[in-house]
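Q:
Numbering (the working numbering), first residue to last: 921 to 1356.
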């Protein structure tokens, strides 16, 4: 593969590869690296490559003409790509590295100052790549990261191909821990399985450790990785072990379905009717996410009687034997007359309560799903109650009294009328999304 670097500081890139495996690959000719300086394509005595910004602003901007001429002077392979290293680009990850390694040539453009003229990007750049959500002085270090990571995937650069395939991120997960001599260091011995000589057991141990490390250090990677059935079983075991020590996620979370006070379409305060489907489906959602309680709030006596008949059918009557799973779900449902009754439930237990409301109106939003999730996880003693409204939503008084309000669940079009049981399932999935 050929790497052509468009840079004002060629020595910065070249010095990175004077040593190491990539440096030796350059010496052997497994890969080629050439730097092109945009200053060589200027016509003024000062070799000017930057200028002030149109519209004002601090700093200088790299001019389009020298960069365009530098890129155009590079001899192109049939499968090449021009990449601008930019904090606005797509994040570099192992999947992208493997994709780039399939090409014959990468032309890497290193920006400086406040960046480069947008017209150069529009007309000459195929792709923008970022090495992280931070800003550095120029693209040379970023280009060196791209070169090193891509070069490792090229046959011949690394002596043992297995070393590459076992790297962290190669299959989307972090690598397992590794050990070498001595067998004991500072009273810690090498795990016995690694010296037992049973290769199948060793591979299984490494696979489990890889999942464990990823779950502990980078759980976000698990959302992007397709796990095998065996890996999912291992991961669930690891998660349960952690939760036994720290408490089950959701164990300090309850939800309340509010039938009064809510609005109708004329913005009048009303009481809505309980529906069989809301009782069933939300109960199952609560049980799936292992929440503590599901409160159904209505002051109407006849509605309490109706809910009692439905519940008894599934917990004591024929339904309890026909579908035992439904009985298990209904065990967490409670009927109360008011939201104040719910607050009193937690006060009697001496528990601090944080209330989070939901709404289709974005004007109330004051938190995010990840923020709420972190609060629930960091303080397992505090109880969290998530409110869902029926009818046309919770009243302004409830919204104003809530500690937090989550963002609305927006669809793709203008129609925005999810059922409350759908909204409850989506909300809980978002709150607990980091637990795959």
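Each residue gets a CB set at the ideal place from its N, CA and C atoms; glycine is no exception.
Hey, could you find the ends of the beta strand (DSSP E) residue 870 is sitting in?
A: Residue 870 cannot be examined here, being either before or after the span of the chain that is shown, 921 to 1356.
Q: Which stretch, first to last residue, makes up the beta strand (DSSP E) that contains residue 1028?
A: For residue 1028, the enclosing beta strand (DSSP E) has its first and last residue at 1025 to 1030.
Q: If you compare alpha carbons, which of 967, 1224, 943, 991 is closest to residue 955?
A: 991
Q: Would you tell me roughly how many angstroms separate the C-alpha atoms of residue 969 and residue 949, rounded to the nearest one?
A: Rounded to whole angstroms, residue 969 to residue 949 spans 32 Å at the Cα level.
Q: How is residue 1324 classed by DSSP in three states: helix, strand or coil?
A: strand
Q: Hey, could you find the ends of the beta strand (DSSP E) residue 952 is sitting in?
A: In the DSSP assignment, residue 952 falls within the unbroken beta strand (DSSP E) covering 952 to 956.
Q: Mind checking who residue 1049 pairs with in its DSSP beta bridge?
A: 1010
Q: Is DSSP giving residue 1276 helix, strand or coil here?
A: strand
Q: So the beta strand (DSSP E) residue 1107 belongs to, where does it begin and stop?
A: Run containing residue 1107: none; DSSP gives neither H nor E here.
Q: Below 7 Å CB to CB, which residues in the same chain sit around residue 930 once its five sequence neighbours on both sides are set aside?
A: Short of 7 Å from the beta carbon of residue 930, and not among the five residues preceding or following it, lie these beta carbons of its own chain, in chain order: 955, 957.
Q: Quick check: the Cα distance between residue 987 and residue 928, rounded to an integer number of angstroms?
A: 10 Å
Q: Could you give the DSSP three-state label for residue 1021: helix, strand or coil?
A: helix
Q: Which value, in whole angstroms, describes the spacing of the CA atoms of residue 1091 and residue 1159?
A: 20 Å
Q: Using the Cα positions of residue 1020 and residue 1335, report the straight-line distance between them to the nearest angstrom.
A: 41 Å
Q: Which residue wins for smallest C-alpha separation from residue 1284, given the options 1269, 1262, 1209, 1314?
A: Nearest of 1269, 1262, 1209, 1314 to residue 1284, Cα basis: 1314.
Q: DSSP state of residue 1203, grouped into three classes?
A: helix
Q: Please determine if the stretch 1187 to 1196 and the stretch 1150 to 1170 are in contact, where contact requires at least 3 C-beta pairs separated by less than 8 Å.
A: Counting Cβ pairs under 8 Å, fewer than three are found: no touch.
Q: From residue 1148 to residue 1154, what distance separates their C-alpha atoms?
A: 10 Å
Q: Measure the Cβ-Cβ separation of residue 1216 and residue 1255 and say whether it is below 7 Å.
A: yes
Q: Residue 1029 to residue 1348, Cα distance in whole Å?
A: 44 Å
Q: With a CB to CB cut of under 7 Å and the five nearest residues on each side skipped, what residues in its chain are close to residue 1213?
A: If we look at residue 1213 and ignore the five residues flanking it on each side, its Cβ neighbours are 1174, 1252, 1254.
Q: Residue 1172 and residue 1300: beta carbons closer than 7 Å?
A: yes
Q: Apart from the five residues on each side of it in sequence, which residues of its chain come closer than 6 Å, Cβ to Cβ, to residue 1250?
A: 1203, 1231, 1234, 1235
Q: Below 7 Å between beta carbons: does that hold for residue 1218 and residue 1180?
A: yes
Q: In whole angstroms, give me the CA-to-CA distance for residue 1017 and residue 1295.
A: So the two alpha carbons sit approximately 35 Å from each other.
Q: Rounded C-beta distance between residue 982 and residue 941? I'm assuming under 8 Å.
A: Going by Cβ atoms, the distance from residue 982 to residue 941 rounds to 32 Å, so no, they are not a contact pair.
Q: Do residue 1007 and residue 1050 have their C-beta atoms closer together than 7 Å?
A: At the C-beta level, residue 1007 and residue 1050 come within 7 Å of one another.
Q: Which of the three DSSP states is assigned to residue 1215 in this structure?
A: Residue state, collapsed to three classes: strand.
Q: Looking at the structure shown, is residue 1253 part of a helix, part of a strand, or coil, going by DSSP?
A: Looking at residue 1253 - three-state DSSP - the assignment turns out to be strand.
Q: What do you get for residue 1060, buried or exposed, if any count of 16 or more other CB atoms within 10 angstroms of its CB means buried?
A: buried
Q: Where residue 1190 and residue 1261 are concerned, what is the direct C-alpha to C-alpha distance, given to the nearest angstrom?
A: 19 Å
Q: Where does residue 1039 sit, in a helix, a strand or coil, going by DSSP?
A: DSSP, read as helix, strand or coil, puts residue 1039 in helix.
Q: How would you call residue 1345, buried or exposed, if buried means at least 16 neighbouring beta carbons within 10 angstroms?
A: Residue 1345 should be labelled buried.
Q: For residue 1308, which residues from the same chain have a beta carbon less than 6 Å from its beta carbon, with the 5 sequence-adjacent residues on both sides left out?
A: 1177, 1278, 1340, 1344
Q: Using the Cα positions of residue 1414 and residue 1207, report the straight-line distance between them to the nearest angstrom.
A: The first residue shown for the chain is 921 and the last is 1356, placing residue 1414 beyond what the model contains.
Q: Quick one: complete alpha helix (DSSP H) runs, 4+ long, within the stretch 1052 to 1082?
A: Whole alpha helix (DSSP H) segments, 4+ residues: 1059 to 1071.
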